[in-house]
Structures are given as structure tokens and as C-alpha cells.
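Structure record follows, encoded as C-alpha cells.
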Amino acid sequence: MRYSRVVEAVIVALLLVIPHTAQAQDDLDGLLTKFAQMPGLSADFREVQHIALLTQPLTHEGTVHFAPPSRLARHTLKPARSSFVLDASTLTVGDAHGRREVDLAAHPVAAELTGSLLHILAGDRPSLEKAYRVEFSVAMDDEWTLTLTPRSPTLTKVIERMTFKGRGLNVSAMTLFEASGDRREMVFVGVRTDRRYSPTEIERVFRIGGP
Amino acid sequence: MNGPRRWMGVVVWGVAVVGMLIGVALTFDVTTQITHFLPEPDDPELGALSRALTRAPVSRTMILTLEGPDLATALDRADTLRAELAEQPEVAWVSTGPSPEMEGAFYKLFFPRRYLLATDDPEGLDGRLDDAGLRAAAARLKRELGGPAGPLVRTFATRDPLLTWLDAIERFRAGQQGGLAVKNGRFVSRDGCCAVVFATTRSSAFESSAQKPIQDLVGRLVKQLRSDGTRLEQSSVQMFAVEAQRSIQADITRISAMSIVAVALLFLGVFVTPRPWLLAHLPIATGLLTGLFVNLVVFDTLHGLTLAFGATLIGVTIDYPVHLFNHHWLVGQRGSARAVGGAILIGSLTTVLGFAALAGTGFPGLVEVAVFAISGVVAAVATTLLVLPVMLPDAPRVGRLHTAIARMAAGLVRRRRRWPHTVVPVMCALLCAVGLPQVDWVDDPSVLTRLDPELQAQDARVRARVARVDAGRLVVVSGPTDSVLDGNDRVARVLGDAVKSGELEGFSSLHRVVFGPDLQRRNGEKFFAAGDLSRRTLAALEADAFKPALFAGFLEPAEPLLLSELQDGPLAPLLSPFLVPLPGDGEGERTAALTFLRGVKDSAAVEARVEEEGGLLFDQRTFMADLYGRFRSRATHMVPLGLVAILLVLTVRLRKPRRVLAAFAPAVLAAATTAALLGMFGVQMNILHLISLLLVLSIGVDYGVFLAESTGETDSVVAALVSMAMACVTTVLGFGLLGMSQAPALQAIGLTVGIGVTVSVLVAPSAWLLVHQADPENAP
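Chains as they are written, first to last, in my numbering: chain V, 776 to 986; chain C, 18 to 797.
Written out as C-alpha cells, the structure is:
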């Protein structure tokens, strides 16, 4: 009697889980489709880096910008101004000490990180799944969590996993768990998913030092 | 000669032929190593280098690019191509990207030496390693940890807080500027459009027979991939070598077929039956077999070019059976061999002397050609005189064409007026006066081959995608393997100065990747000699909110990285384009380190800088042109010596100066007229024209000797004249038709021999008639 109840409970649980997983998959596709349709995105961010080598966390504040298909900019305003701008395959980094182009081909980690963001924002699920094990879940309060675990051995030596959280198109947080145990947490506020960049704005925003 | 004795010669010939056939079959070994035909420069080190370069991986490596509808497709097709090439036994190594073993080996070998490889300016370290410099280093470490490369930096930061490893990676990357990128572990062209595959073949790139299957495979894949929108292109020496062989072979096949048919028709027309035509090939075939046999015995191996050139030279021996047949048909003696034997022997002796001049050039390949041709000529003469007479019909039927030609020749002999015979020699002399000053020699060996413009464009496209360097222009430093990089470092420093001065656009050197032991030690001293660097660094880190305990022991000493460690490991394929192993000098292995240059603006200034540091600016084109120029000059000096020897032989044999002159002068005049005509037509003469002129001289002297030896009977002179006319036509059909070839090398031979022999056949009778009419005692 007791045994049959356990079986029953398992079956019920399975019946509950299966539609939920299917639902989650549908939601991921739906979410990625919406991202793909987005005209552009901007947000303010606050990043806290917990680095074991340092006695205190590093904190950065600034803005992030995305213009489809492949422009990405992050402008750090505090504690010191710095920028990194991704245009196609070129990542340019600039701060008070100068500017330099980071060859993504020579920095697979930086390439994967920027690539994963672009895959999400472009709604490119096949590329995402090729590079990462993708887990997606939606909580009762509609907050979704997307967890990306790298597949490439090169990357797993450095990055354990990445999680993105949000509601609808509103990405609220990203956490990067490094293989070393270090952690980078980014919280996004003032997210605008209807941001449409004019050519002049693109010139101004997607460059070192702007906006 | 009675029956059994007559057949003795045939028996001896048969035994010799069978013996040589067995010998050749047992030892036959053909090589196509181009090094065999490279002239030996005065500097033995340079000679060793030029030979080593042709065998070095850098010249055996094919670069293939794939451009697809998108990069992912191109990368996918690159994997297919790699798999296909890897199956080829001729392919020694194929790669689509740095292997995990390479990455592992790079880290394992380079990271422990990070301080030794920190910078190429050890003096500049003083400012980086004082207290202010260490504070800046701590701040930089914090910035890098917080930046996009942070997770990567974190992996080695505790062992390298001064980020010397990051600098080494950056320098390595800078060395790749304009070169390759890596995406998903695969090589991608810098512009990101193409996947790149490297394949190194086992045999020299010039061994076209070994390379053909690979090129055929690539050709098939080009067509196959085109159907799904992927463009496969390559840059390789192999591509040109196989294409050159294909084009030359096609030309030779086409021209040979025409020549065989035309010569057969001529023989049939003149001698009516096919027997003479068949018999005429016996001396040539025996000559070829003997040449093969002697070369295999003397040199152990035979070069493909020796075979080609030697066979061409032996081709002139068709004149001997032609002379014998005409004498036999027209004079009708059973003892025709005895009657023409003297002429053929003297003719062949002068030919041998002419060919011996080739041996005097000191060109190893041409020494072999000379041995091949001389032994072949001797065997062909022996066959002509000992074997052919036995096989000739007792009462040959003289055909109508033969009779008509003989009648014309007789008319010419009987003409008593002298002045018409002066026309041709005078015209030739005038042509020489006008044309010889216009002769223009070109020593650039590249003129010997005509490269397909389409393939050249493809080669240039692929090179531009993967290696922005000038083809054939490099700086060479050679020395013992483990210290050659010291010289390479010095050269890199002065080339850096040359770039700053605008003498050079850029260069690609192994210096960007690894330094020589000297520079590594100097870097090491800066880090390890100052005993308090560790303490001061930890203090600077603590001051910038780092936990110093985590960085304890970061300053790990190491021994310099030696080239021999790299050459034996998985990184060898990456280094191989820059290194050429040289023969040891008894004190150990030697290596040449190559630096590839881009955009040389001031060659003399770059050369001066490089030479000051013990390097050598090597321009392959200039180098080869210089060698061929020296070779041509030596050959030009050898030819007069050959002529003197020929003159001596003729003097001994013919005695009377007029007869010697009649036999000798037309040949020299014909060769000079040929050179003059080529000069007047604006043909730039090269080494093959020179060799062909030697051939013209040999053939011309043969004609003169045939006439000179036939003094006395009118029939005999007529037979000699008909022989000459026929020999001329067969030579023009055999060699002259080569002038129609697309290949400049064949064209040079064809044009020179074609013109030369025609002029010879016109000049020789005139000279003979002039001399003999002036000396009625000898007139027929």
C-alpha cells in the first residue's frame, strides 16, 4: 500500500514536471524570439566582483548598450571611467591608461563571454546550445533563470557557469561563476528594451569613452 | 667483311644491350630533387642553405583556404579536407588549428620561463621593477582582473602578479598580426572569411610525380566543394610544380607525336620502305639505354632533368644513321659503313667535345647531363657503324623523291660560279654584325618557367589571407641550433629599427615567440639577481588591497628555453616555417633561422643593418639570378675551350687548313647567326639558349665533317649533302617544333636549335663549295 503510494507520487510528480519542462522550453524559445525582435537595449549596471586575491570586492557602475546584430558596449563610470566596445569580432578596451584592441581569437574566454551575450540578445538558440549546456526555468513569480554551463574544455577551466535572471525581456541580473571560485555579479536597472539607436547615437555610444 | 664476322658486332651489341637492360632494371632510381640542378655558389654555407631551403618544411607546406557561405560551413569543410589529406601517405602533417597538445606544450614550456621571456628590452625592466613600477604593476593586475580578460588572468595571477605571461601572449599575438586568428580551435584568416588548413608533404615540393596525387585530390575537392558554395584555394610550390610538369608533358606529347609522324613520312618518302625509319631509332635507343646505365653506375641515381636533357642531346645522333643510309642508298656500296665511318667518328668526337664543355661548368646537374649524353653518343655511333650495316638491304631501291633531291644536290656541286655560294655566308656575317650587339642575356631562372596567371593570382590571394610577407625575401641567420636564436634576436632588433626608419613595412620573426638563450639570461638577471624583488612586489600588492600571502613564491627561477626543446615537441610544426636544419659542421647541429620581410623600401639599408648583426638578406630571385649568371659566364668561357678542342681534332684529321676551315667555320657562323637573329627579334637569351647554341655548334661541325670527309667522288658529296638536308629536316622536326611549346624552356631549345640547324645546312655547303672550288685539286 505504502509502496504504491510512492509510485503514485512519482508518477504525479513526473506528470507535473514534464509539462513544466516543456513549458519552460517553450518559454525560452519565446523569450529568445522576443530578444531577437528587440530594436536595441540599454541599462544601468552595478557589478560586484568577489575576487579571492583581493581583501575587498571590486565594484563598478556604469551603462550597457546593445544594438543588433552585434554591437555591444559597456561604459564603466565608477570608480574610474573605462569602456569596452564590441563591434562584430573586435573588442576594444579603453581607460585612462590607453586603449587597445583585444583579439577575441587570442582570448577565447572573452570571446565566449561576449559571444554568449550576443547569442542571447540575438535569440540564437542553436549557437547558444552548441557552446553551452542550457538550463531554463521559470519560477512562480514569472522570474526566469537561464543557466549556461560551457561545453568547451578550454572554457570550463576558467568559467564554471553563468546565470541570467529576468522577467520578460527585462534582464535583471547576471552572475558569472569562475572556476577559481571568484564570482562577478551584475545587477541591471533601468532596462530599456525598446531602445532604438540612430546612426549618430551608434557613433557616439559604441565607442571608447562614450556616451 | 664476311658473314660471321659481320654478325659479331650485332652479337656484341645484343649482349651489351641485354646486360645494360638488366643493370638498369635492377638499379633504376630517378630523383627529381631540384637541388641537384642548383648551381653551387662560392659560399658553401649559402649553398647548403639554398639546398636546405628547397627541402625545408617552409617550402613543403601547402596553405589551403576555404571560403564558404559562412565561416561555420568553411570550418566544417576544413575538417573534411583535413581528414582527406591525412589519408594520403605523402602528407606528413596536416592541421586545421592548434592542437590541444600544442596549447598544453606551449604552456608547459613557456610559462615556467615567463620571466626569461618577459621582454626583448631587458634594460627597460629597470623602470618596471623599481618601487613605482611595482605599484603600477599591482594597479594593472587589479584592472586586468576586473576587465574582460579577468577570468583568464585569474588562472595565473598568483604565480605571475607582474603579468609577464600576459605580455608574452600579447607579443606572440602581435607577431601574428596580419597572419592567422584562431576560432573554435581552428585557424581562420585574419579577415575572418576563410578556414585555413596547412599540409606538409614528405617529398620535396618539386617532386611533381610524388605531389600529383595530392594535387589531383585537391582538384577533385575544389570541384566537389564548389557545388555547395565553398571555394577551396591553395598557395603551394607543389601546385606550380605539378602544373608545370603537366603543361610541359602535354606540350612534349603533342609535339613528339607531330614530330614522329613527320619524321616517319620523311623517311618513307625518301627511302620508300619503313625499315630505315625503324633502324634509325636503334642507335638512339641504344644511346639512351647506355646513358641511363652509365649514369646509374657512376652517380647511383638519375635525375629526371638529366634524363630529359640527355635524351634531347642524344637525339642529334639520328644524323649518323641518316648519313649512313644516304651513302648506302645513293653510293650503293656494301662497305658504306667503312666509307662514312670516318666522318661519323670525327663528327661524334667533336660532338662529345662540345658536350664535355657542359661538364666543365661545374654545375653538378650538367656534369651528369654531359656524362649521359657523351656515353649515349658513343653507344649510338657504335650501333650505327657495327649493327646497322648488317641490317641494311643489299640493293636498296632509290625512290623518286630521293633521286630528285640527289639530282638537285649534284646540280649544286657542279655549279662552277663561285659568287652564289658567297651569298649565304656574307648575309650571315651581316646579320651577326647587326644582331650580336643586340643580344640580351637574362639570368633570372624564373624566365625558364611560365606560371599560369590564374594560379599566380590564387597563390597571391591565399598568401594575403594568411601571411602578409613578401615571397622569396627573407633574412637568414645561421649557427649552432641552440644559439642561432641569439643572432635572430639581434636581427629582429635592427629590423625593428628599420621599420621605425621606414625602410621596411614589417617582418615576421620567431623572435616574437621565443628569444635566444642570451636575451633570456639577461631578462632572468633582472628578475632574480635583485634579491628583494619578491619582498617589494608583495608589499606593492598588499598596498593595493591584494592578499600577499596568496602570491608567495611567485618568482620561480628557470633555465632558458632552448630551440632543441621546441623542435622535438608538439610545437615543432608552428616553428618549422622559421627554421631550416643545416648539415652539421662536426661540432653539432646547425640551423638557419628565417625572418620573413614585408614591404622592403630600402633594400641596401636593410641589408647593411642585417649584415652588421651577422645576418644575410636573402632575395631568392636575385640569389638565383646571380648564381645562374655566374654559371652562364663559366659556360661562356667553357664553350671557346670546347671549340679549340674541336678545332684541334679537325686539324689532326683533315690536315689542310682550307678543309678544316670548311668544316669548322660554318658551325661557328651558324651559331653566331642564330644568336644574332634571336637578339634582333628581341628574344632575351637564357642559359637554355646557350646550351642549345652548343648543340647547334655540335650539329654544325657534324655537317662540315660529313662534307669534308666525302671529298673525291661526286656521288659521295651528293650523298653527304642529301644527308645534311635530311638531318636538318629531322632535327628541325625533332627540336624545332619545340619552339611551338608554351613552356619557355622548351621554346628556347626549339627556337635556337631550329634556327641554328637551318642556318648550318645553308652555310655548310656554301663554305665547302667555296673552299673546294678555290682548290680544284680537292674538287669532285
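No residue lacks a Cβ here, since even glycine has one placed at the ideal position from N, Cα and C.
Everything numeric in this text was worked out from a predicted model, so none of it was measured.
Where THR668 of chain C and ALA688 of chain C are concerned, what is the direct C-alpha to C-alpha distance, given to the nearest angstrom?
THR668 of chain C and ALA688 of chain C: Cα-Cα distance of roughly 20 Å.
Where TRP24 of chain C and VAL407 of chain C are concerned, what is the direct C-alpha to C-alpha distance, given to the nearest angstrom?
The straight-line gap from Cα to Cα measures roughly 7 Å.
Does any CB atom of chain C fall closer than 8 Å to the CB of GLN812 of chain V?
Not an interface residue.
Got a sec, what are the start and stop residues for the beta strand (DSSP E) ASN945 of chain V sits in?
For ASN945 of chain V, the enclosing beta strand (DSSP E) covers residues 945-953.
Measure the beta-carbon distance from ASN505 of chain C to THR612 of chain C and round it to whole angstroms, keeping in mind my assumption that it falls under 8 Å.
Taking a contact as a CB-CB distance under 8 Å, the pair ASN505 of chain C and THR612 of chain C counts as one, their CB atoms being some 7 Å apart.
Under the rule that 16 or more other beta-carbon atoms within 10 Å means buried, what is ASP148 of chain C, buried or exposed?
So ASP148 of chain C counts as exposed.
Kindly indicate the opening and closing residues of the alpha helix (DSSP H) around TYR720 of chain C.
That run of the alpha helix (DSSP H) goes 704-726.
Under 8 Å, do SER955 of chain V and THR172 of chain C count as touching if we go by C-beta distance?
Contact: yes.
Please name the residues in the stretch 932-961 of chain V whose beta-carbon is closer than 9 Å to at least one beta-carbon of chain C, in chain order.
Sequence-ordered contacts of the stretch 932-961 of chain V with chain C read LYS932, VAL933, ILE934, LEU951, GLU953, ALA954, SER955, ASP957, ARG959 [C-beta pairs closer than 9 Å].
Kindly indicate the opening and closing residues of the beta strand (DSSP E) around PRO925 of chain V.
Its beta strand (DSSP E) spans residues 919-925.
State yes or no: is the beta carbon of LYS125 of chain C nearer than 8 Å to at least one beta carbon in chain V?
Not closer than 8 Å to any Cβ of chain V, the Cβ of LYS125 of chain C fails to qualify, so no.
Give a yes or no on whether the C-beta atoms belonging to ILE80 of chain C and VAL479 of chain C are separated by under 8 Å.
For the pair ILE80 of chain C and VAL479 of chain C, the CB atoms are nearer than the 8 Å cut-off.
Can you confirm whether the stretch 25-40 of chain C touches the stretch 974-981 of chain V when touching is taken to mean that 3 or more C-beta pairs between the two stretches lie within less than 8 Å?
No contact exists between the stretch 974-981 of chain V and the stretch 25-40 of chain C.
Please report how far the alpha carbon of GLY85 of chain C lies from the alpha carbon of GLY209 of chain C, in whole angstroms.
Looking at the backbone, the Cα of GLY85 of chain C and that of GLY209 of chain C are separated by about 11 Å.
Under the assumption that GLU935 of chain V contacts THR950 of chain V (Cβ atoms under 8 Å), give the Cβ distance between them as a whole number of angstroms.
Not a contact, Cβ separation roughly 11 Å.
Check for me: the beta strand (DSSP E) holding GLU522 of chain C runs from which residue to which?
Counted as a single uninterrupted DSSP element, the beta strand (DSSP E) harbouring GLU522 of chain C occupies residues 521-525.
Just the Cα atoms here: how many angstroms apart are SER927 of chain V and ARG219 of chain C?
Distance from the CA atom of SER927 of chain V to the CA atom of ARG219 of chain C, rounded to whole angstroms, is 34 Å.
Unbroken alpha helix (DSSP H) runs of length 4 or more, entirely within the stretch 645-698 of chain C: which are they?
Complete alpha helix (DSSP H) runs here, min 4: 674-697.
Own chain residues within Cβ distance below 6 Å of ILE826 of chain V, not counting five before or after
For ILE826 of chain V, same chain residues with a beta-carbon under 6 Å away, outside a window of 5 residues either side, are ASP957 in chain order.
Check whether the Cβ atoms of ALA760 of chain C and PRO683 of chain C lie closer than 8 Å to each other.
No, these two residues do not count as a Cβ contact at 8 Å.
Excluding the five sequence neighbours on either side, which residues of its own chain have a C-beta within less than 7 Å of the C-beta of LEU833 of chain V, listed in chain order?
Excluding sequence neighbours, LEU833 of chain V sits near GLN824, ILE826.
Quick one: which residues of the stretch 559-581 of chain C get their C-beta closer than 7 Å to a C-beta of chain V? List them in chain order.
Hits within the stretch, in order: ALA562, PHE563, LYS564, LEU567.
In DSSP terms, what LEU611 of chain C is bridged to:
Residue pairing by DSSP places LEU611 of chain C opposite C:VAL493 in a beta bridge.
How is VAL627 of chain C classed by DSSP in three states: helix, strand or coil?
Looking at VAL627 of chain C - three-state DSSP - the assignment turns out to be helix.
Can you tell me whether GLN537 of chain C is buried or exposed? The criterion is at least 16 other CB atoms within 10 Å of its CB, across all chains shown.
With 16 or more neighbouring CB atoms inside 10 Å of its own CB, GLN537 of chain C falls in the buried class.
Please work out which residues of its chain come closer than 7 Å, Cβ to Cβ, to ASP636 of chain C, disregarding the five sequence neighbours upstream and downstream, and give them in chain order.
These residues qualify, in order along the chain: GLY489, ARG490.
For ALA885 of chain V, go through chain C and note every residue whose CB falls closer than 8 Å to its CB, in chain order.
Simply PRO165, ALA166, LEU169.
When you compare the CB of ALA174 of chain C with every CB in chain V, is at least one pair closer than 8 Å?
Judged by the 8 Å Cβ criterion, ALA174 of chain C is in contact with chain V.
Residue-chain proximity (THR830 of chain V, chain C), Cβ-Cβ < 8 Å:
With 8 Å as the cut-off, THR830 of chain V counts as an interface residue toward chain C.
Taking DSSP as the reference, what is the three-state secondary structure of HIS872 of chain V?
Assigned with DSSP and collapsed to three states, HIS872 of chain V falls in coil, not helix or strand.
Could you confirm whether any beta carbon from chain V is found closer than 8 Å to the beta carbon of LEU162 of chain C?
Taking Cβ atoms only, chain V reaches closer than 8 Å to LEU162 of chain C, which makes this a yes.
Using DSSP bridges, identify the partner residues of GLU822 of chain V.
Beta-bridge pairing links GLU822 of chain V to V:HIS835, V:MET961.
Give the straight-line distance between the Cα atoms of LEU658 of chain C and ALA376 of chain C, rounded to the nearest whole angstrom.
When the Cα atoms are used, LEU658 of chain C and ALA376 of chain C turn out to be separated by approximately 12 Å.
For PHE235 of chain C, which three-state DSSP category applies?
According to the sequence shown, residue 235 of chain C is Val rather than Phe. Correct three-state label for VAL235 of chain C: helix.
Is the Cβ-Cβ distance between PRO106 of chain C and ARG539 of chain C less than 8 Å?
Cβ atoms of PRO106 of chain C and ARG539 of chain C: not closer than 8 Å.
Own chain partners of VAL254 of chain C with C-beta closer than 6 Å, once the 5 adjacent residues on each side are dropped
Within its own chain, the residues whose Cβ lies closer than 6 Å to the Cβ of VAL254 of chain C, once the five positions on either side in sequence are excluded, are SER76, ALA222, listed in chain order.
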